[in-house]
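Notes for the one structure printed next.
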Amino acid sequence: MSNGKVVSLYEVSKQYRRGAETVHALRDVTLDIAAGEYVAIAGHSGSGKTTLLNLIGCLDRPTSGRIAVDGHELRVAGEKELNRLRQTAVGFVFQQFFLIPTLTVIENVQLPALFTGRKVDKRARELLELVGLSKRMHHLPGQLSGGEMQRVAVARSLINSPPILLADEPTGNLDSRNADMIIELFETLNRDGMTVVLVTHNLDLVKRCGRAVYIEDGMVKV
Ligand SMILES: Nc1ncnc2c1ncn2[C@@H]1O[C@H](COP(=O)(O)OP(=O)(O)O)[C@@H](O)[C@H]1O
Ligand SMILES: [Mg+2]
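The sequence shown runs -9 to 212 under our numbering.
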């Protein structure tokens, strides 16, 4: 992998087994993402968007092909290195927020740093300031609106200062006003140098990204 690319996929395929059936979720996907890009991954439901994002985020391995993330070739990475990359190279934001209901807002934000052993109290406070939730840091997720919960999730995704932010339909459960706040947050982060990969089937959001990659039936449309 060379200069400036933070994500590189070469002829990547992913198959799932469903009983006797083989599902071809991705077929020969070749894709490069440069540092600082803001890329939309768009396509219909079932086209392979989540599969693609999960592979970039080291949550899963491809059936075939090569992937490099933040300069690391995943094929040669052991479980330990894959784990480390998952924690430090990428931040993940999901449609369903996935906050821990029994932890406070600031504890949720600090959670991904627990395994790194670093002190992150100050950074957690700064991130909550960035997402406009300083006043809520000792609340529980259940006391927040959906939009606020997603802003906590964005702060959490940034706690280990990853160079890449991956978001899978992050506005799918939000009304348009809250969706807008999340998208503006991504735009601010991107302006400050963060590489952002946004999975969405909302064409209005696609238009706001720097580049759009369309997936259809597991393939990148050209
Ligand atoms: N764990 C799995 N086991 C079997 N099939 C799966 C699994 N995850 C996804 N799929 C299938 O792979 C295809 C792509 O799914 P997905 O990547 O979730 O698409 P999208 O995010 O675009 O809706 C779909 O046909 C889906 O049913
Ligand atoms: Mg999906």
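No residue lacks a Cβ here, since even glycine has one placed at the ideal position from N, Cα and C.
Asked                                                                                                                                                                     : Found
Restricting to runs no shorter than 3 residues, where is the beta strand (DSSP E) found entirely within the stretch 141 to 195?                                           : 154 to 158, 185 to 189
So the candidates are 77, 92, 163; which of them puts its Cα closest to the Cα of residue 148?                                                                            : 77
Residues near ligand 1, CB to any non-hydrogen atom under 6 angstroms, in chain order?                                                                                    : 6, 8, 13, 15, 33, 35, 36, 37, 38, 39, 40, 41
Does the beta carbon of residue 206 fall short of 8 angstroms from some heavy atom of ligand 4?                                                                           : With respect to ligand 4, the structure shown offers nothing to examine, as its ligands consist of ligand 1 and ligand 2.
Within a Cβ cutoff of 6 angstroms, which residues of the same chain sit near residue 220, ignoring the five residues on either side of it in sequence?                    : Residue 220 cannot be examined here, being either before or after the span of the chain that is shown, -9 to 212.
May I ask you to report which of helix, strand or coil DSSP gives residue 66?                                                                                             : helix
Look at the alpha carbon of residue 28 and the alpha carbon of residue 59, and state the distance between them as a whole number of angstroms.                            : 16 angstroms
I need the straight-line Cα distance from residue 83 to residue 182, nearest angstrom please.                                                                             : 18 angstroms
In angstroms, rounded to a whole number, what distance separates the CA positions of residue 107 and residue 79?                                                          : 16 angstroms
From 179, 67, 30, 93, pick the residue whose C-alpha is nearest to that of residue 121; which is it?                                                                      : 179
If you drop the 5 nearest sequence neighbours on each side, which residues of the same chain put their C-beta closer than 8 angstroms to that of residue 62?              : 71, 75, 79
Hey, quick one: how far does the beta strand (DSSP E) through residue 15 stretch, first residue to last?                                                                  : 11 to 24
Taking 8 angstroms as the line, does the beta carbon of residue 189 fall inside it for any heavy atom of ligand 2?                                                        : yes
Note down the Cα distance separating residue 105 from residue 119, rounded to an integer number of angstroms.                                                             : 23 angstroms
Tell me, to the nearest whole angstrom, how far the beta carbon of residue 101 is from that of residue 146; I am working on the premise that it is less than 8 angstroms. : 7 angstroms
Identify which residue in 143, 114, 0, 4 has its Cα closest to the Cα of residue 160.                                                                                     : 143
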